[in-house]
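Chemist: Below you'll find the structure I mean.
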Amino acid sequence: MSMLIKGAKPYGEDAVDLLVEDGRIAAIGDELTVPGADVVQAAGLVALPGLVDLHTHLREPGREDAETVETGSRAAALGGYTAVHAMANTDPVADTAGVVEQVWRLGQQAGLVDVVPVGAVTVGLRGERLAELGAMADSAARVRVFSDDGHCVADPALMRRALEYVKALDGVVAQHAEEPRLTVGAQMNEGDRSARLGLTGWPAAAEEAVIARDVLLAGHVGARLHVCHVSTAGSVEILRWAKSRGVQVTAEVTPHHLLLTDECAESYDPVFKVNPPLRTEADVQALRAGLADGTIDAVATDHAPHAVEDKESEWASARPGMLGLEQALAVVVQTMVEPGLLDWRGVAERMSVAPAAIGRLESHGRPLAVGEPANLLLLDPAHRAPVDPAALASRSRNSPYAGRELPGRVVATFLRGTATVLDGKATR
Amino acid sequence: MKRHLLEAGDLDRDDATLVLDTAAQIESALAGREVKKLPTLRGRTVVNLFFEDSTRTRISFELAAKRLSADVINFSAKGSSVSKGESLKDTALTLEAMGSDAIVVRHGASGAPHRLAQWVQGSVVNAGDGTHEHPTQALLDAYTIRQRLGRLDGVRVVVVGDVLHSRVARSNVWLLATLGAEVTLVAPPTLLPVGVGSWPVQVSYDLDAVLPKADVVMMLRVQAERMNASFFPSAREYSRRYGLDGRRMGALPDDAIVMHPGPMNRGMEIAAEVADSARSTIVDQVGNGVSVRMAVLYLLLGGAPDSE
């Protein structure tokens, strides 16, 4: 079965036709004609490699009322993703081969994106002893990214061992950098706004201190380190320094940290409560600059669905986290592409190529070229519309972008040549 | 006046002055009366929704509402549906469905009254939220200063103590700045928030240095348990460096006053001889609290239900 994508602009460049056959890009050229092929009209649309998320919370098993592998996969496909890494903080925790294989199989059944489980670093995310990392790596789920996300591996000796151990698995430890003793009861970024709002502050130093420690450890033992959701200007500086010293460190930034600031907390609406917290305008500018120059390697959503009752409360008792999969690309277009900080090849690099490389995904993050897997998306960059949380595919509604007009709409997504999204709607 | 009183920072100079003037009018209207009651809020229902124990604030609001002839319901979170897991929103909607016109809320979480105001139709009065604000306390403090010193403009107010955790300090900072007073915060650096530099205040770590130029000294309650988290080494050291004792009181100008929002830790932040001295306005503050809260309820609920 063949499919012909007519008039798409790969990486926003000259319009071409792309022929997809047997899950691969079979031909690229002008005015291709293939009798019997399904035709997708893509005039004016930008074609990009399917996006890869390093940081998704799918909530299954355990909180299927907030999200399931299937609903999260649908949200991902609608956002232009073809692969997502499912974080380990489920119930039960993904700290054994059994749980990661369950999540992986649920992803296969949903069939909308490749769901790649992340394994917990420590048993039960408790930060006490290593989980069976090798068993998870060798399982059907082929785990390569290990993270206690939401919990920092705070014990420096344990972190060192984890970094060392996963070298044998070609793995990487993805650290949620937060010194827990500095963030007891923390509710938002510590600064002028927290002082006025009377919300306990989450100091930038609590993130930066752990990143500084971890890049030193990773350099010392020659291991790969990935830093989750970098949120401060100081973190960008430390990463820049570490990379200049040759440390094997990669880092991600979320869409919300590229766009929103702690000013949002003034509403006391917990939809803006997130960990790490929204920071200042100066931090936002430093994150954008770091993403532009490659100090930050990837955009990762930290898509964190929460049930209504976990957000419709006073700020302090609400759960941290916000949705991201369906608006990530739009936010990157607004914050990076439109101001000229990244071109479309840069977007492909930061949202597909780099995260696939960090996660060691061989069939994702590939170029739009003949012979490559047909994992791609088509984006209408001219489209602009306000975000309506009720229209999201996620089971949850905690979008921080509600009512905000964002650019760009994913018109189609293809996973190994099969459309998962067409005309902006999920196909299954 | 707006529909809600959520924070002192919301009040402009005219709003704040109107509250103080209204409180003064109410006080003179009731002075010498045998029946200390006005019919203004007859038929209106005020709910005191207290998620934290605060007997004095609750009683003050209760008296204020009753003296305006409102019906008052006291809802305490302990032993109620809240302890059975009911959410703030469900509690608020339940109370409103029973016909409350105003909810006076005390809550341990900063911003809880702001959330409430988005869910209910009636007025919301913040009676203290977490470490954020306690606006009626600041209004009664301003009222007390004006009563004793005759003015607020240019008055030099020194606020001493645990500013970091104090909703009273925050409300006073914003209200006093709005009303033209000059505020100096004095505390160990551990008990000042990061970001205090953006507030319209002076900051000092040295109480002795600022006392000779103070018209008002406002002492904040300091919990001795704070020393367990190393905010200061010991209660004794705190008291020695930041407590107001008789010797320090002697450094104040002759007509300066000493305030405290209560409840006091005698011997910790304030010595008994200071609390009981002629400079102390602590008892006045309690009495003024009722008048100011009457003014707030009167201005928010504005008379009979059908007069709108």
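Protein sequence lines, in the order shown, are assigned to chains A and B. Residue numbers for the first sequence follow my numbering, beginning at 1 and rising by one. Residue numbers for the second sequence follow my numbering, beginning at 429 and rising by one. The beta carbon of each residue, even a glycine, is placed where N, CA and C say it ideally should be.
(1) Between the stretch 552-567 of chain B and chain A, which residues of the former have CB atoms less than 8 Å from a CB of the latter, in chain order?
(2) Please tell me whether residue 195 (chain A) has its Cβ less than 7 Å away from any Cβ of chain B.
(3) For residue 269 (chain A), count neighbouring C-beta atoms within 10 Å of its own C-beta (all shown protein chains included) and say buried if the count is 16 or more, exposed if not.
(4) Suppose the cutoff is 6 Å on Cβ atoms and the five residues either side in sequence are ignored; what does the same chain contact list for residue 145 (chain A) look like?
(5) Can you name, in chain order, every residue of its own chain whose Cβ lies under 6 Å from the Cβ of residue 9 (chain A), other than the five neighbours on each side?
(6) If we define contact as Cβ-Cβ less than 7 Å, is residue 463 (chain B) a contact residue for chain A?
(7) Shorter than 7 Å from the beta carbon of residue 399 (chain A) to some beta carbon of chain B?
(8) Nearest chain B C-beta to residue 202 (chain A) closer than 7 Å, yes or no?
(9) Give the C-beta separation of residue 333 (chain A) and residue 287 (chain A) to the nearest angstrom, bearing in mind that I take them to be a contact with Cβ-Cβ under 8 Å.
(10) Determine the contact status of residue 447 (chain B) and residue 530 (chain B), defining contact as a CB-CB distance below 7 Å.
(11) Measuring alpha carbon to alpha carbon, tell me which residue in B:489, B:498, B:492 and B:478 is nearest residue 520 (chain B).
(12) Between the C-alpha atoms of residue 21 (chain A) and residue 75 (chain A), what's the straight-line distance to the nearest angstrom?
(13) Can you tell me whether residue 733 (chain B) is helix, strand or coil according to DSSP?
(14) Beta-carbon within less than 6 Å of residue 247 (chain A)'s beta-carbon, same chain only, minus the 5 sequence neighbours each way: which residues are those?
(15) Start and end of the alpha helix (DSSP H) containing residue 72 (chain A)?
(16) Residue 316 (chain A) touches chain B at which residues, Cβ-Cβ below 9 Å?
(17) Return the CA-CA distance between residue 773 (chain B) and residue 725 (chain B), expressed in angstroms with no decimal places.
(18) What distance in whole Å lies between the Cβ atoms of residue 239 (chain A) and residue 251 (chain A), which are believed to be in contact at a cut-off of 8 Å?
(19) Can you give the Cα-Cα distance for residue 732 (chain B) and residue 450 (chain B), rounded to whole angstroms?
(20) Could you say if the stretch 546-563 of chain B and the stretch 430-447 of chain B meet the contact criterion of at least three C-beta pairs nearer than 8 Å?
(21) Rank A:200, A:176 and A:11 by C-alpha distance to the C-alpha of residue 187 (chain A) and give the top, closest one.
(22) List, from N- to C-terminal side, the beta strand (DSSP E) runs of 3 residues or more that fit wholly inside the stretch 34-72 of chain A.
(23) According to a CB-to-CB cut-off of less than 7 Å, which residues of the stretch 263-282 of chain A neighbour chain B?
(24) List the DSSP bridge partners of residue 189 (chain A).
(25) Near residue 81 (chain A), what residues of its chain come up, given a Cβ to Cβ distance below 6 Å and the 5 sequence neighbours on each side ignored?
(26) One question on the structure: do residue 121 (chain A) and residue 177 (chain A) come within less than 7 Å of each other, judged by their Cβ atoms?
(27) If you compare alpha carbons, which of A:48, A:43, A:55 and A:3 is closest to residue 34 (chain A)?
(28) Here's the rule I'm using: 16 or more other beta-carbon atoms within 10 Å means buried, otherwise exposed. How should residue 640 (chain B) be labelled?
(29) So which of A:102, A:191 and A:83 has the shortest CA-CA distance to residue 351 (chain A)?
(30) Between residue 654 (chain B) and residue 590 (chain B), how many whole angstroms is the CB-CB distance? I'm expecting something under 8 Å.
(31) Look at residue 497 (chain B) and residue 469 (chain B) and say whether their C-beta atoms are less than 7 Å apart.
(32) For a contact defined as C-beta to C-beta under 8 Å, what are the partners of residue 516 (chain B) on chain A?
(33) Going straight from the alpha carbon of residue 109 (chain A) to that of residue 61 (chain A), what length do you get?
(34) Select from A:149, A:95 and A:30 the residue whose C-alpha is nearest the C-alpha of residue 135 (chain A).
(35) Are the CB atoms of residue 335 (chain A) and residue 377 (chain A) nearer to each other than 7 Å?
(36) Distance check for residue 242 (chain A) and residue 249 (chain A), CA to CA, integer angstroms please.
Modeler: Quick look at the numbers:
(1) Answer set for the stretch 552-567 of chain B: 557, 558, 559, 560 and 561.
(2) Counting from 1 along the first sequence, the entry for residue 195 (chain A) is found at position 195. With 7 Å as the cut-off, residue 195 (chain A) counts as an interface residue toward chain B.
(3) As a first step, residue 269 (chain A) is located in the first sequence; it is residue number 269 there, counting from the start. Counting Cβ neighbours within 10 Å, residue 269 (chain A) comes out buried, since at least 16 surround it.
(4) Residue 145 (chain A) sits at position 145 when you count from the first residue of the first sequence. Closer than 6 Å at the Cβ level, and outside the excluded window around residue 145 (chain A), lie 85, 118, 172, 174 and 359.
(5) Working through the first sequence from its first residue, we reach residue 9 (chain A) at position 9. 15 and 46.
(6) The residue you call residue 463 (chain B) lines up with position 35 of the second sequence. No - not a single Cβ of chain A is within 7 Å of the one on residue 463 (chain B).
(7) Here residue 399 (chain A) refers to the residue found at position 399 of the first sequence. So no, residue 399 (chain A) is outside the interface.
(8) Taking the first sequence and counting its residues from 1, one reaches residue 202 (chain A) at position 202. Taking Cβ atoms only, chain B never reaches closer than 7 Å to residue 202 (chain A), which makes this a no.
(9) Counting from one through the first sequence, the residue named residue 333 (chain A) turns up at place 333. Counting from one through the first sequence, the residue named residue 287 (chain A) turns up at place 287. Going by Cβ atoms, the distance from residue 333 (chain A) to residue 287 (chain A) rounds to 16 Å, so no, they are not a contact pair.
(10) Stepping through the second sequence from its first residue, residue 447 (chain B) is reached at position 19. Stepping through the second sequence from its first residue, residue 530 (chain B) is reached at position 102. Taking a C-beta distance under 7 Å as the contact criterion, residue 447 (chain B) and residue 530 (chain B) do not qualify as a contact pair.
(11) If you number the second sequence from 1, residue 520 (chain B) lands on position 92. Per the Cα distances, B:478.
(12) Looking up residue 21 (chain A) in the first sequence gives position 21. Looking up residue 75 (chain A) in the first sequence gives position 75. The alpha-carbon atoms of residue 21 (chain A) and residue 75 (chain A) are separated by roughly 26 Å.
(13) Here residue 733 (chain B) corresponds to residue number 305 of the second sequence, with the count starting at 1. Caution applies to residue 733 (chain B), whose pLDDT of 43 falls short of 50 and renders its modelled position unreliable; the model cannot decide the point.
(14) As a first step, residue 247 (chain A) is located in the first sequence; it is residue number 247 there, counting from the start. Counting only Cβ-Cβ distances below 6 Å, and skipping sequence neighbours, we find 215, 218 and 219.
(15) For the purposes of this step, residue 72 (chain A) is taken as residue 72 along the first sequence, with counting starting at 1. That run of the alpha helix (DSSP H) goes 69-78.
(16) The count along the first sequence starts at 1 and reaches residue 316 (chain A) at position 316. Within chain B, the residues near residue 316 (chain A) are 536, 537, 538, 539, 540 and 558.
(17) No information on residue 773 (chain B) is available, as it lies outside the stretch 429 to 736 that chain B covers here.
(18) Position 251 of the first sequence, counted from the start, is the residue given in the question as residue 251 (chain A). Position 239 of the first sequence, counted from the start, is the residue given in the question as residue 239 (chain A). Right, the Cβ-Cβ distance comes to about 5 Å (below 8 Å), so this counts as a contact.
(19) The residue labelled residue 732 (chain B) in the question sits at position 304 within the second sequence. The residue labelled residue 450 (chain B) in the question sits at position 22 within the second sequence. Note on residue 732 (chain B): pLDDT 40, under 50, position unreliable in the model; the coordinate value appears next. So the two alpha carbons sit approximately 17 Å from each other.
(20) yes
(21) Counting from 1 along the first sequence, the entry for residue 187 (chain A) is found at position 187. Put simply, of A:200, A:176 and A:11 the residue whose alpha carbon is nearest the alpha carbon of residue 187 (chain A) is A:200.
(22) The stretch 34-72 of chain A contains, as complete beta strand (DSSP E) runs of 3+ residues, the segments 38-41, 46-49 and 51-56 (chain order).
(23) 268
(24) To locate residue 189 (chain A), count along the first sequence from 1; it is residue 189. A:202.
(25) Translated into the one-based positions of the first sequence, residue 81 (chain A) becomes position 81. So the qualifying residues of the chain are 51, 53 and 113.
(26) Numbered from its first residue, the first sequence carries residue 121 (chain A) at position 121. Numbered from its first residue, the first sequence carries residue 177 (chain A) at position 177. In this structure, residue 177 (chain A) does not lie closer than 7 Å to residue 121 (chain A) by Cβ.
(27) Translated into the one-based positions of the first sequence, residue 34 (chain A) becomes position 34. Among A:48, A:43, A:55 and A:3, the Cα nearest to that of residue 34 (chain A) is on A:3.
(28) Within the second sequence, the letter at position 212 stands for residue 640 (chain B). Only exposed fits residue 640 (chain B), as fewer than 16 other CB atoms lie within 10 angstroms of its CB.
(29) The residue you call residue 351 (chain A) lines up with position 351 of the first sequence. Residue 351 (chain A) has its Cα closest to that of A:83, out of A:102, A:191 and A:83.
(30) Here residue 654 (chain B) is taken as the residue at index 226 of the second sequence, counted from 1. Here residue 590 (chain B) is taken as the residue at index 162 of the second sequence, counted from 1. Between residue 590 (chain B) and residue 654 (chain B) the Cβ distance is about 7 Å, and since that is below 8 Å, they are a contact.
(31) Taking the second sequence and counting its residues from 1, the one referred to as residue 497 (chain B) is at position 69. Taking the second sequence and counting its residues from 1, the one referred to as residue 469 (chain B) is at position 41. Between residue 497 (chain B) and residue 469 (chain B), the C-beta spacing is below 7 Å.
(32) In the second sequence, the residue the question calls residue 516 (chain B) occupies position 88. What residue 516 (chain B) touches in chain A: 313 and 314.
(33) The residue given as residue 109 (chain A) occupies position 109 in the first sequence. The residue given as residue 61 (chain A) occupies position 61 in the first sequence. In a straight line, the C-alpha of residue 109 (chain A) is about 15 Å away from that of residue 61 (chain A).
(34) Residue 135 (chain A) sits at position 135 when you count from the first residue of the first sequence. Nearest C-alpha to residue 135 (chain A): A:95.
(35) Counting from 1 along the first sequence, the entry for residue 335 (chain A) is found at position 335. Counting from 1 along the first sequence, the entry for residue 377 (chain A) is found at position 377. Contact flag unset, no.
(36) Position 249 of the first sequence, counted from the start, is the residue given in the question as residue 249 (chain A). Position 242 of the first sequence, counted from the start, is the residue given in the question as residue 242 (chain A). Taking the Cα positions, residue 249 (chain A) is about 7 Å away from residue 242 (chain A).
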